[in-house]
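Sequence order for the protein chains is A and B.
Position one of the first sequence corresponds to residue 1 (the working numbering), numbered consecutively onward.
Position one of the second sequence corresponds to residue 210 (the working numbering), numbered consecutively onward.
Worksheet: the structure to be examined is printed underneath.
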Amino acid sequence: MKRPAFARGMWVALGVLWLAAMGVGFSLLTRHSLTPGDRQEAPSRWPEEARPPRVEGRPTLVMLAHPRCPCTRASLGELAVVMEHARGRLDARVLFLRPEGTTGDWTQGALWRAAAGIPGVRVLADEGGTQARLFGAVTSGHSLLYDAEGRLRFSGGLTAARGHRGDNPGRDAVEALLRDSGGSGGTSEHGVYGCALEEPPGVRATNTP
Amino acid sequence: MKLSEDVSGPTVALKERAVLLFREHLGAVRRRTDRLFAGLMLAQWAFGILVALFVAPYGWGGKDGAPHAHVYAALFLGAALTVFPIALARWRPGDAATRHGVALAQMLWSSLLIHLTGGRVETHFHVFVSLAFLALYRDPWVLLSATCATIADHIIRGFLWPESVYGVVDPEWWRFLEHGFWVGILDMVLLHAGRGMRREMREVAVRRAELELAREREEEKSAALDRALRELSGFQEHLIRVEKLAAVGQLAASVGHELRNPLAAVRNAHAYLSRRLSRDVIGAADDPRVPQFLGVMERELGACAKIISDLLDFARERPPALQPCPLRPLVDEAIGVVPPRDGVRIINEVPESLPVPSLDKEQFRQVLVNLVQNAVEAMPTGRTGQVSVLAEGQDAGPWAIRVIDDGAGIPPDVLPKIFEPLFTTKTRGTGLGLAIVANMVQRHGGTISVRSEAGRGSEFHIHLPATAAAQAA
Chain A
1 MKRPAFARGM
11 WVALGVLWLA
21 AMGVGFSLLT
31 RHSLTPGDRQ
41 EAPSRWPEEA
51 RPPRVEGRPT
61 LVMLAHPRCP
71 CTRASLGELA
81 VVMEHARGRL
91 DARVLFLRPE
101 GTTGDWTQGA
111 LWRAAAGIPG
121 VRVLADEGGT
131 QARLFGAVTS
141 GHSLLYDAEG
151 RLRFSGGLTA
161 ARGHRGDNPG
171 RDAVEALLRD
181 SGGSGGTSEH
191 GVYGCALEEP
201 PGVRATNTP
Chain B
210 MKLSEDVSGP
220 TVALKERAVL
230 LFREHLGAVR
240 RRTDRLFAGL
250 MLAQWAFGIL
260 VALFVAPYGW
270 GGKDGAPHAH
280 VYAALFLGAA
290 LTVFPIALAR
300 WRPGDAATRH
310 GVALAQMLWS
320 SLLIHLTGGR
330 VETHFHVFVS
340 LAFLALYRDP
350 WVLLSATCAT
360 IADHIIRGFL
370 WPESVYGVVD
380 PEWWRFLEHG
390 FWVGILDMVL
400 LHAGRGMRRE
410 MREVAVRRAE
420 LELAREREEE
430 KSAALDRALR
440 ELSGFQEHLI
450 RVEKLAAVGQ
460 LAASVGHELR
470 NPLAAVRNAH
480 AYLSRRLSRD
490 VIGAADDPRV
500 PQFLGVMERE
510 LGACAKIISD
520 LLDFARERPP
530 ALQPCPLRPL
540 VDEAIGVVPP
550 RDGVRIINEV
560 PESLPVPSLD
570 KEQFRQVLVN
580 LVQNAVEAMP
590 TGRTGQVSVL
600 AEGQDAGPWA
610 IRVIDDGAGI
620 PPDVLPKIFE
630 PLFTTKTRGT
640 GLGLAIVANM
650 VQRHGGTISV
660 RSEAGRGSEF
670 HIHLPATAAA
680 QAA
């Protein structure tokens with residue numbers, strides 16, 4: 001008679017442990033999704049060394065992206081929404097990292113094609129990550145919006161979590177700035193959710209899974 | 210009161226049995242569903258890993274890639290989500306705890322898959338499909354568990370990370386109610402369907418219980434019938450024993466009666482001879498009555514021997530020793546044994562070309578002797594007549610042997626009794642002759658019948674089955 005009671009107790013204990021493990025597992029997963037990548041200070045004005053140079057008198061959005069980061073697909077999706085809403089009032093370019101020692105095929109994959117398919121977006125390779133370093137971007141999907149005068153108005157990601165599309169404060173901020181393109185307010189910042197563009201030890205520890 | 214007990218008894222038993230059958234069936238269905246979910250969990254695990262590998266195989270740092278967190282989540286979190294319900298299904302199949310554990314795991318699988326697919330709205334359909342699968346348990350409480358888990362997930366994630374569940378950053382606080390409403394609608398449909406299925410299962414259980422009860426009743430009746438048959442068989446055996454004893458008594462009386470007359474004659478003859486021999490031994494040789502009495506003694510002792518021989522023939526249960534036995538010579542032999550009678554002609558009409566049947570020669574000779582002698586004795590005194598013995602048959606066909614006389618015939622009231630032992634209309638006879646004939650024919654697997662007409666004679670017809678001829682051939 002004691003054995004079934006013991007067995008029942010064991011199963012109850014196992015169930016509680018299992019639920020706790022599920023709680024921990026989903027919490028970790030959620031934390032991973034909601035933890036933004038590393039960021040560095042972006043130049044407050046359009047850097048003269050940036051290539052190609054921006055078109056004077058038009059706002060420009062630059063997205064620094066890793067060509068193989070799965071989270072960046074969501075960022076490109078949000079960029080497509082921004083471009084659609086901008087209706088030609090925005091120059092956008094996506095600079096895909098091309099690390100030294102890699103071929104063009106490594107960079108020009110599915111994400112490259114997806115970015116190239118967004119109307120009004122110019123897709124370029126960032127040889128050796130020089131442009132990313134110039135703009136202070138260390139996480140894929142980092143987007144910077146410079147206004148018509150070349151002032152930095154937005155720095156951050158266009159998604160609210162890793163790999164998740166949907167409404168988010170970053171995209172809303174960019175669209176709000178575009179609607180108010182003549183304004184001269186401060187800079188809006190937002191977390192960036194994506195893979196590390198480079199691999200400095202500290203960056204990798206926080207940006208990669 | 211007694212009547213109501215009699216009526217309600219089977220009804221209560223029927224209800225109890227129906228409830229038991231329903232529970233057994235429901236238990237079997239739930240155990241089967243446990244197994245189904247165990248397989249489904251494994252399939253979901255494999256699917257989750259594939260989704261992770263397809264959607265986000267690597268996380269990157271420059272040109273170096275490492276497996277993405279989603280791959281680890283699909284592997285390890287998926288394993289935990291899979292193993293526990295499988296363990297429950299394996300070691301506690303059919304338990305309510307297993308069903309609820311499976312329901313919880315299944316809804317968490319929805320969350321994980323939604324997460325792995327980057328919050329795709331399409332993956333939310335997994336929730337609805339899971340509820341449909343869980344309805345197979347036919348347990349409304351399991352649907353409630355799953356629904357509560359889903360709503361709790363929506364509330365918690367809606368609070369912590371609304372975009373992952375609603376697709377918007379700042380949803381209304383009641384948004385979970387909207388999602389819960391559609392889940393509730395599906396629950397209503399599934400509950401309705403489940404209730405219908407349970408009702409059908411109950412009806413099936415009642416029908417099965419009725420069938421079992423009817424079968425039990427039939428078995429009881431059959432057992433009672435078997436008992437009655439056994440009792441009847443016992444009574445029959447008892448009756449046969451009694452009849453045998455009665456027959457033995459009757460036979461003893463008859464035999465005693467039949468033996469008394471010849472023995473009395475023998476005793477008288479013996480007394481006379483004793484007296485005569487004691488008085489004058491030499492002169493007795495000239496006494497003409499001495500050989501006369503010796504003849505009487507021989508005749509009467511012969512009659513005694515005949516009675517005892519017939520009795521033995523009737524009583525002996527020796528099975529026939531079949532052997533090829535040509536019929537025509539056998540009939541000749543039998544005719545030779547029967548004492549001739551003036552004016553009565555015995556004709557052997559058995560064809561010489563007749564195939565040879567397989568018979569017990571001794572027994573069948575006795576049969577023919579009895580029938581022929583009976584026919585000869587049936588002839589009225591002072592009248593001429595004829596007795597014919599005929600036979601016909603083929604190698605692979607039945608055989609017929611007929612003994613026909615043109616005597617006085619057998620009265621209709623006597624005809625049904627002539628094969629009964631100890632029945633006789635003769636002044637001297639044991640009444641065993643025709644009984645012996647019938648007995649021996651039966652032992653050969655054959656039948657004997659008689660047709661008779663007053664004043665025109667009788668015909669005894671022996672019918673032997675085809676096997677006799679076949680064996681002989």
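Backbone N, C-alpha and C fix where the C-beta goes; we use that ideal spot for every residue, glycine too.
For clarity, every value in this text was computed on a predicted model and none was experimentally measured.
- Proximity of chain B to residue 30/A at the Cβ level (cut-off 9 Å) is accounted for by 324, 366, 369, 370 and 373, in chain order.
- Interface annotation, residue 103/A: not in contact with chain B, CB-CB separation never under 8 Å.
- For residue 373/B, the enclosing alpha helix (DSSP H) starts and ends at 371-375.
- Scanning the segment 363-438 of chain B for uninterrupted alpha helix (DSSP H) segments of 4 residues or longer gives 371-375, listed from N- to C-terminal end.
- For residue 277/B, the nearest beta carbon of chain A is closer than 8 Å to its own beta carbon.
- Distance from residue 120/A to residue 148/A at the Cβ level is roughly 16 Å; contact not present, criterion being Cβ atoms closer than 8 Å.
- By the rule that beta-carbons nearer than 8 Å mark a contact, residue 34/A touches chain B.
- Using beta-carbon distances, residue 244/B does not count as an interface residue toward chain A, since no partner is under 8 Å.
- Here the C-alpha atom of residue 557/B lies approximately 10 Å from the C-alpha atom of residue 536/B.
- Bounds of the alpha helix (DSSP H) holding residue 509/B are 498-524.
- In chain B, no part has a C-beta under 8 Å from the C-beta of residue 38/A; the shortest such distance is about 11 Å.
- Check the Cα spacing between residue 502/B and each of 396/B, 282/B, 404/B and 477/B: the tightest is with 477/B.
- The alpha-carbon separation between residue 551/B and residue 593/B amounts to approximately 8 Å.
- Comparing alpha-carbon positions, the option among 660/B, 348/B, 341/B and 489/B lying closest to residue 619/B turns out to be 660/B.
- Here DSSP, grouped into helix, strand and coil, assigns residue 8/A to helix.
- Within chain A, no residue has its beta carbon less than 7 Å from that of residue 311/B; the closest one is some 12 Å off.
- Distance from the Cα of residue 291/B is smallest, within the candidate group 253/B, 307/B, 334/B and 302/B, for 253/B.
- Residue-level contact by beta carbon holds for residue 161/A and chain B, with a gap shorter than 8 Å.
- Annotated three-state conformation of residue 268/B is strand, per DSSP.
- DSSP places residue 146/A in the strand class (E or B) of the three-state scheme.
- Shown here, residue 613/B sits in a strand according to DSSP, grouped into three states.
- Identification of residues in the segment 85-110 of chain A having a C-beta nearer than 8 Å to some C-beta of chain B yields 97, 99, 101, 102 and 106, given in sequence order.
- Looking at the DSSP output, residue 667/B sits in a beta bridge with 614/B and 661/B.
- Remark: C-beta atoms of residue 603/B and residue 554/B do not approach each other more closely than 8 Å.
- Each residue's CA atom was taken as its position, placing residue 251/B and residue 188/A some 46 Å apart.
- With respect to residue 243/B, residue 298/B sits close: the two C-beta atoms are nearer than 8 Å.
- The beta-carbon of residue 25/A is placed less than 8 Å from the nearest beta-carbon of chain B.
- Residues are counted here when their Cβ sits less than 7 Å from a Cβ of chain B; for the segment 60-71 of chain A these are 66, 68, 69 and 70, given in chain order.
- Shown in chain order are the members of the segment 262-276 of chain B whose Cβ falls below 8 Å from a Cβ of chain A: 264, 265, 266, 267, 268, 269, 270, 271, 272, 273, 274, 275 and 276.
- Beta bridge pairing from DSSP links residue 595/B with 554/B.
- The beta-carbon of residue 196/A is placed less than 8 Å from the nearest beta-carbon of chain B.
- When Cβ-Cβ separations below 8 Å define contact, residue 21/A makes contact with chain B.
- Of the residues assessed, residue 572/B falls on the buried side of the cut-off, its CB having 16 or more other CB atoms within 10 angstroms.
- Taking the Cα positions, residue 41/A is about 23 Å away from residue 55/A.
- 349/B is the residue among 274/B, 330/B, 664/B and 349/B whose C-alpha sits nearest the C-alpha of residue 239/B.
- With respect to the 8 Å criterion, residue 407/B and residue 347/B are classified as neighbours on the basis of their beta carbons.
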